[in-house]
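What follows is a set of notes on a single structure, which appears directly below.
Residue numbers (the UniProt record's numbering): 1 to 105.
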């Protein structure tokens, strides 16, 4: 005789309250999995970029616009390029080799 001490035992108090496990759905194809991913999930998975968390304070970030029109993107980038400060090029003196007569006398 086998003694049972689980929910399947005849005298278990919670026997009638246990739900049967759902049958597993058919596994999703890779195409179905990609289709169900959001852009935020894709960026995090591929580039390890979390656009839903603020990099400075760690708080939640809300996306307010998604610009996809190439013309608008070019206008925005051109505007930002105009506003960007020019890179300082004259911080260091130009490098040049010593004249040969100074090196070899």
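Backbone N, C-alpha and C fix where the C-beta goes; we use that ideal spot for every residue, glycine too.
Option nearest residue i by Cα separation, candidates the options
i: residue 64; options: 35, 52 and 81; result: 52
Terminal residues of the alpha helix (DSSP H) in which residue i lies
i: residue 74; result: 70-83
i: residue 62; result: Note, residue 62: premise wrong, no alpha helix (DSSP H); not H, not E.
i: residue 40; result: 39-47
In DSSP terms, what residue i is bridged to
i: residue 31; result: The partner list for residue 31 (beta bridge, DSSP) is empty, contrary to what the question assumes.
Closer than 8 Å to chain C by CB, residue i
i: residue 49; result: The structure shown contains no chain C; it holds only a single protein chain.
8 Å Cβ cutoff met for residue i and residue j
i: residue 54; j: residue 46; result: no
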